[in-house]
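Reviewing the structure listed below.
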Amino acid sequence: MSEPILEMTNVSKRYRTAGGFGRRRKGFLAVDGVSLRIGRGEALGLVGESGSGKSTLARMANGLVVPTSGTVRTDGQDVACLSRRGLRRLRRNVAMVFQDPLASLNPRQTVRQTLANVFHAHGEATSTAELVALLESVGLDADYLGRYPHEASGGQLQRVAVARALALKPDLIIADEPTSALDVSVRAQILNLLADLQRDQGISFLHVSHDLAVIRLYSDRVAVMQRGRIVETGPSDEIFRSPQHSCTRALVEATPEAELPA
Amino acid sequence: MRDPVLQVEDLSVSFTSGGVTTDVVRDLSMRLDGGRTLAVVGESGSGKTITGRAIMRLLPRGASARGRIVAAGREMLSADERELRRARGSDVAMVFQDSMSALSPYLDIGAHIAQAVRLHDPSVTRRAARARAVEMLDRVGIPEPADAVRRFPHEFSGGMRQRAVIAMALVNRPALLIADEPTTALDVTVQAQILALLRELQQEYGMAMLLISHDFGVVASAADDVLVLYAGRQAEYGSLRDIFEQPAHPYTTGLRAATPRLDARLDSGGKRTRLRAIPGAPTSLRDAGPGCAFAPRCGLADQVGERCVVEVPLPTVRPTNEDGGLHLAACHLDRLPALQEVAR
Ligand SMILES: Nc1ncnc2c1ncn2[C@@H]1O[C@H](COP(=O)(O)OP(=O)(O)OP(=O)(O)O)[C@@H](O)[C@H]1O
Ligand code: SF4
Ligand SMILES: [Mg+2]
Chain Z
857 MSEPILEMTN VSKRYRTAGG FGRRRKGFLA VDGVSLRIGR GEALGLVGES
907 GSGKSTLARM ANGLVVPTSG TVRTDGQDVA CLSRRGLRRL RRNVAMVFQD
957 PLASLNPRQT VRQTLANVFH AHGEATSTAE LVALLESVGL DADYLGRYPH
1007 EASGGQLQRV AVARALALKP DLIIADEPTS ALDVSVRAQI LNLLADLQRD
1057 QGISFLHVSH DLAVIRLYSD RVAVMQRGRI VETGPSDEIF RSPQHSCTRA
1107 LVEATPEAEL PA
Chain A
82 MRDPVLQVED LSVSFTSGGV TTDVVRDLSM RLDGGRTLAV VGESGSGKTI
132 TGRAIMRLLP RGASARGRIV AAGREMLSAD ERELRRARGS DVAMVFQDSM
182 SALSPYLDIG AHIAQAVRLH DPSVTRRAAR ARAVEMLDRV GIPEPADAVR
232 RFPHEFSGGM RQRAVIAMAL VNRPALLIAD EPTTALDVTV QAQILALLRE
282 LQQEYGMAML LISHDFGVVA SAADDVLVLY AGRQAEYGSL RDIFEQPAHP
332 YTTGLRAATP RLDARLDSGG KRTRLRAIPG APTSLRDAGP GCAFAPRCGL
382 ADQVGERCVV EVPLPTVRPT NEDGGLHLAA CHLDRLPALQ EVAR
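The listed protein sequences correspond, in order, to chains Z and A.
Per the numbering used here, the first sequence starts with residue 857, numbered consecutively.
Per the numbering used here, the second sequence starts with residue 82, numbered consecutively.
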């Protein structure tokens, strides 16, 4: 079997909190001894209630958050042991897409500048043709190169954010609630775009969402988080057909169905 | 026949800025009886919140409403300030998505509810109002209510805060509750609890509810009737059953096909299926062209031809499965093709 693109072993993160007593003095254990792996070309969905540690876990996968203990390996390499050059390579291989596209883009930069900067940061030149091709791969035309963030809709901005993530041909994209801020009809467009990237370019995904129905449709496997731990994991079909853990069951039961009540 | 709790006729709302007036809501009509829930569904900018606020006469600066709104027997658009103050809270109340914005950070939870009680009936003593607050917090499921009245908004979790806001809105038993995305900011398990609570209180008080939501899942679990808005106009109106079983507007079917369902994969025998997206992005009435606002995104516009881009479709009566039910759709097509044919 080939090396997984991401492997986390017994990873914990404790956030320090100022002053306080008891639990507070020891800090807050946001992620508590989690192990998980994502195979090449696989989409793993991470679900759980707010505050369960999903985003912290996702940010440890690309080095944005440093774990308190445990190891994170991407592409077989221990992230903690990476040299500066190695870290730079990690940033290329693992890209991130966030929930709020407007907040994640610089309001004073055109789309062209935003995209070109990604290449510059990695010491690469780029041509207009390349940038146009990049935009086209996310379903936007060349016209968008000259636009500022406030001149585009939420869905269009999220496409720009995806284009930025794709710029350096990553192996893994970590998408933290990439469609929660979008309208229903536009959300489906972005989800289908991400699914195309997985299918056509073999990109792996760690897809964080509070929406079980989205994860069910767009992930191969699912991990369910509760209070910093993964309480259940497996193929998404199985997990949602017969949830074993009480937390998963509660989430499944509470999810409203867009169907007539029986 | 009883008078409806809410009757809206040809409501339009416009904004004026820099001497230019533009409509954001056009020609909406609806009727809602006690004990029933009408869901208003639509995407951002479709005019859901503005409609709710127009009914309360709580419009932002620069906005004005035309048409007719009768809520709990009161003509809301011609009522004077004194009448409106009396109506708000006692006859009609509104709950917003962001519970924090409805609460003052400097007042404890009890003071908020007591204030609502005394605004409605100034003869109630402070102590009695405070006691009502405790009762009401208990009723909405807040544990240790006698202690909770002394807490401040920021000490509550999002779900608890939404319960407190509901307590505040319902303490005077209004005939109509307008709930604007009351659960959007909450976790699914908390969302389910809040929806159940609203349903329970609605039955107990016989209250009418206008539930504003962008989520067809929430709508399906809570509504009796549905109003689908697109770019400030009514796209479709009907019973929940008609909307689901025989939708008559392409936007309604499109919105549903774009909504993920938890059991979707079971239906397809384990194959990865995808959502059917609607191309383009939602527009507001302001940016809509002369014809049907949905035309640039509609897969059926080609079938109809030029009419879609030059003439605004008006709501016309459609078949219904309900006894005496009203089913309307604003589309130039008399009948939609079967759902499979809509796919492209
Ligand atoms: N204060 C305002 N000044 C000018 N235009 C406004 C104002 N508030 C809302 N609008 C416009 O009115 C239209 C309807 O807005 P509304 O807030 O009712 O939409 P909504 O359906 O509630 O959307 P969302 O789902 O995003 O809450 C939009 O085009 C919006 O831009
Ligand atoms: S009127 Fe035309 S464009 Fe509008 S929804 Fe009907 S078919 Fe589509
Ligand atoms: Mg709104």
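In this text, a Cβ means the ideal position worked out from N, Cα and C, and glycines have one as well.
As assigned by DSSP and simplified to three states, the class of residue i
i	result
residue 346/A	Model confidence at residue 346/A stands at a pLDDT of 47, short of 50, so the residue's coordinates are unreliable and nothing is read from them.
residue 920/Z	coil
residue 117/A	coil
residue 1033/Z	coil
residue 976/Z	helix
residue 1111/Z	coil
residue 288/A	coil
residue 157/A	coil
residue 435/A	Residue 435/A cannot be examined here, being either before or after the span of chain A that is shown, 82 to 425.
residue 318/A	strand
residue 996/Z	coil
residue 259/A	strand
residue 1004/Z	coil
residue 354/A	coil
residue 170/A	helix
residue 384/A	helix
residue 372/A	coil
residue 230/A	coil
Local Cβ density within 10 Å of residue i, reported as buried at 16 or more and exposed below that
i	result
residue 878/Z	Caution applies to residue 878/Z, whose pLDDT of 48 falls short of 50 and renders its modelled position unreliable; the value that the coordinates give is listed next. Exposed, because fewer than 16 other Cβ atoms sit within 10 Å of the Cβ of residue 878/Z.
residue 424/A	Because residue 424/A carries a pLDDT of 38, less than 50, the predicted location of this residue cannot be relied on, and the following value inherits that uncertainty. Label assigned to residue 424/A: exposed.
residue 84/A	exposed
residue 873/Z	exposed
residue 905/Z	buried
residue 176/A	buried
residue 976/Z	exposed
residue 101/A	exposed
residue 346/A	A caution first: residue 346/A carries a pLDDT of 47, below 50, which makes its placement in the model unreliable, though a value can still be read off. Its Cβ being crowded by 16 or more others within 10 Å, residue 346/A is buried.
residue 161/A	exposed
residue 918/Z	buried
residue 256/A	buried
residue 206/A	exposed
residue 335/A	buried
residue 267/A	buried
residue 871/Z	exposed
residue 939/Z	exposed
Residue i, enclosing beta strand (DSSP E) - first and last residue
i	result
residue 202/A	Counting along the chain, residue 202/A falls outside any beta strand (DSSP E), and DSSP gives it neither H nor E.
residue 503/A	No answer is possible for residue 503/A: the residues shown for chain A start at 82 and end at 425.
residue 1091/Z	1085 to 1091
residue 150/A	144 to 152
residue 129/A	Segment 129 to 137 is the alpha helix (DSSP H) holding residue 129/A; no beta strand (DSSP E) there.
residue 366/A	Taken as a continuous stretch (DSSP letters only), residue 366/A belongs to no beta strand (DSSP E), as it is neither H nor E.
residue 908/Z	Run containing residue 908/Z: none; DSSP gives neither H nor E here.
residue 306/A	306 to 311
residue 799/Z	It is not possible to answer for residue 799/Z, since the shown part of chain Z is limited to 857 through 1118.
residue 1082/Z	1077 to 1082
residue 928/Z	925 to 930
Beta-carbon separation (whole angstroms), residue i vs residue j, contact threshold 8 angstroms
i	j	result
residue 1092/Z	residue 1077/Z	6 angstroms
residue 1053/Z	residue 1035/Z	Residue 1053/Z to residue 1035/Z, Cβ: 14 angstroms. No contact.
residue 894/Z	residue 923/Z	Residue 894/Z to residue 923/Z, Cβ: 16 angstroms. No contact.
Extent of the continuous alpha helix (DSSP H) to which residue i belongs
i	result
residue 984/Z	984 to 993
residue 298/A	297 to 303
residue 69/A	Because chain A is modelled from 82 through 425, residue 69/A falls outside the range shown and cannot be assessed.
residue 1061/Z	Taken as a continuous stretch (DSSP letters only), residue 1061/Z belongs to no alpha helix (DSSP H), being part of the beta strand (DSSP E) at 1060 to 1064.
residue 1017/Z	1010 to 1022
residue 1054/Z	1040 to 1057
residue 949/Z	940 to 949
residue 244/A	239 to 251
residue 935/Z	Neither: residue 935/Z is in no alpha helix (DSSP H) and is coded neither H nor E.
residue 886/Z	It is not in any alpha helix (DSSP H) - residue 886/Z instead sits in the beta strand (DSSP E) that spans 884 to 894.
Neighbouring residues, chain C, relative to residue i (Cβ below 7 angstroms)
i	result
residue 335/A	Looking at the structure shown, chain C is missing, and the protein chains on hand are Z and A.
Against chain A: residues of the region 1004 to 1023 of chain Z by CB proximity under 9 angstroms: 1009, 1010, 1011 and 1012
The region 1088 to 1106 of chain Z: positions lying closer than 7 angstroms to chain A by Cβ: 1093, 1096, 1097 and 1106
Residues of the region 105 to 133 of chain A whose Cβ lies closer than 8 angstroms to any Cβ of chain Z, in chain order: 124 and 125
The region 267 to 282 of chain A: positions lying closer than 9 angstroms to chain Z by Cβ: 267, 268, 269, 270, 271, 272, 273, 274 and 276
Residues of the region 936 to 963 of chain Z with Cβ closer than 7 angstroms to any Cβ of chain A, in chain order: none
Contact list for the region 976 to 1002 of chain Z against chain A, Cβ threshold 8 angstroms: none
The region 361 to 377 of chain A: positions lying closer than 9 angstroms to chain Z by Cβ: 361, 362 and 363
Selection of the region 1041 to 1055 of chain Z by Cβ proximity to chain A, strictly under 8 angstroms: 1041, 1042, 1043, 1044, 1045, 1047, 1048 and 1051
Contact set between the region 300 to 315 of chain A and chain Z, restricted to residues whose Cβ is under 7 angstroms from the partner: 301 and 302
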